[in-house]
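As structure tokens, the structure follows; a few thoughts come after it.
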Amino acid sequence: MAREDPQLVAGIRAREPAALERVVRAYLKQIERAGRGAGLDAHQAEEVAQATFVTFIETAHRFEGRSTVRTWLFGIFFRKLQEARRGFARDRQLDDVDEVFESRFDPAGHWSTPPRAPGSDLDSQAILDDIRDCLGQTPERQRMAFVLKEVEELSTDEICNILEITSTNLGVMLFRARNRLRECLESKGLER
Amino acid sequence: MLSCKEVATTLASGELEASGPRRRLAVWFHLLICAYCRAYARQMRMLGEVTRRLLGREVADPRALDRLERRLVERCRTLGRAGDPDG
Numbered sequence: 103m104a105r106e107d108p109q110l111v112a113g114i115r116a117r118e119p120a121a122l123e124r125v126v127r128a129y130l131k132q133i134e135r136a137g138r139g140a141g142l143d144a145h146q147a148e149e150v151a152q153a154t155f156v157t158f159i160e161t162a163h164r165f166e167g168r169s170t171v172r173t174w175l176f177g178i179f180f181r182k183l184q185e186a187r188r189g190f191a192r193d194r195q196l197d198d199v200d201e202v203f204e205s206r207f208d209p210a211g212h213w214s215t216p217p218r219a220p221g222s223d224l225d226s227q228a229i230l231d232d233i234r235d236c237l238g239q240t241p242e243r244q245r246m247a248f249v250l251k252e253v254e255e256l257s258t259d260e261i262c263n264i265l266e267i268t269s270t271n272l273g274v275m276l277f278r279a280r281n282r283l284r285e286c287l288e289s290k291g292l293e294r
Numbered sequence: 069m070l071s072c073k074e075v076a077t078t079l080a081s082g083e084l085e086a087s088g089p090r091r092r093l094a095v096w097f098h099l100l101i102c103a104y105c106r107a108y109a110r111q112m113r114m115l116g117e118v119t120r121r122l123l124g125r126e127v128a129d130p131r132a133l134d135r136l137e138r139r140l141v142e143r144c145r146t147l148g149r150a151g152d153p154d155g
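Residue numbers (our numbering), protein chains in the order written: chain W, 103 to 294; chain A, 69 to 155.
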């Protein structure tokens with residue numbers, strides 16, 4: 103895993119205003135976006151971003167530079183997100199999307215219900231509305247894994263650290279998220 | 069020869085990125101001859117692309133974000149160093 107600039111690490115540990123400020127300026131937009139990626143509205147995303155950075159500033163002296171600042175921040179972010187959502191059902195061990203996936207193939211593993219090729223207009227408001235709706239139906243951790251991978255483009259190691267899961271588990275989450283989204287979009291008619 | 073189901077599982081789980089050259093070649097060959105799995109692969113790419121557009125386009129009120137940035141920077145200046153929570 104990449105290491106952080108030692109000078110920045112020292113500055114953060116000493117809680118030097120300039121170093122803390124540098125982190126806020128570098129990552130606030132990304133953290134806010136991840137909140138919206140997790141399905142929060144603009145207001146909630148701002149609140150979770152604020153809580154993330156306040157905790158970061160207050161606990162900066164504990165940052166040892168063993169992970170990057172970004173991983174550290176996303177870790178705080180993810181805990182704040184869960185706090186903000188406490189009470190939501192945890193992901194079920196068994197997921198009905200697995201059964202749906204199975205049902206798309208015959209016993210030999212050939213498609214029995216083939217996928218439909220997507221249309222080329224990915225910019226239309228309709229498809230954006232559809233994906234928003236479909237993301238809304240995707241369980242928290244699957245959705246977060248998908249967004250960190252596809253939008254924030256974090257590495258597998260980094261995502262596993264943030265979500266505190268193994269790489270095998272991450273594969274299962276991405277598999278479920280993508281198949282759920284694909285089924286959802288297909289049901290809305292994606293050939294547009 | 070990989071089955072469609074194996075190819076789809078490899079694509080959706082992100083396993084392909086971590087796979088060795090033999091597996092990659094087998095998937096590539098399957099995609100070459102299977103239009104259904106090509107459609108599936110296109111769907112997988114589309115999901116990421118559409119999500120990136122959704123989140124990139126719908127920026128929350130940029131001024132609210134600027135205000136939050138100023139508040140946090142202010143906090144760095146007053147809270148950082150001034151009060152050591154362990155001290």
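Ideal Cβ placement from N, Cα and C applies to all residues, glycine included.
- Contact of A132/A with chain W is assigned, a C-beta pair being separated by under 8 Å.
- Boundaries of the alpha helix (DSSP H) around P130/A: 130 to 147.
- Within the model, the alpha-carbon separation for E260/W versus F158/W is close to 18 Å.
- With a 10 Å radius around the Cβ and a threshold of 16 neighbouring Cβ atoms, Q109/W comes out exposed.
- By the CB criterion at 8 Å, A107/A and P217/W fall inside the cutoff.
- Between H98/A and the set L70/A, A80/A, L115/A, the nearest pair of CA atoms involves L70/A.
- Within the DSSP secondary-structure output, W174/W pairs in no beta bridge.
- Relative to the Cα of L136/A, the nearest Cα in the group I267/W, M275/W, E123/W belongs to E123/W.
- The DSSP assignment places complete alpha helix (DSSP H) segments of no fewer than 4 residues inside the region 130 to 162 of chain W at 144 to 160, in order along the chain.
- Those residues of the region 78 to 104 of chain A placed with their C-beta closer than 7 Å to a C-beta in chain W are A80, S81, G82, E83, Y104, ordered along the chain.
- Within the DSSP bridge table, the entry for F207/W names W213/W as partners.
- For T161/W against I133/W, the beta-carbon gap comes to about 15 Å, at or over 8 Å, which does not count as contact.
- Taking the Cα of R127/W as reference, the smallest distance to any Cα among T146/A, T77/A, R138/A, R145/A is reached at R138/A.
- Pairing R121/A with D235/W gives a Cβ-Cβ distance that is not under 8 Å.
- For H163/W against R115/W, the beta-carbon gap comes to about 6 Å, under 8 Å, which counts as contact.
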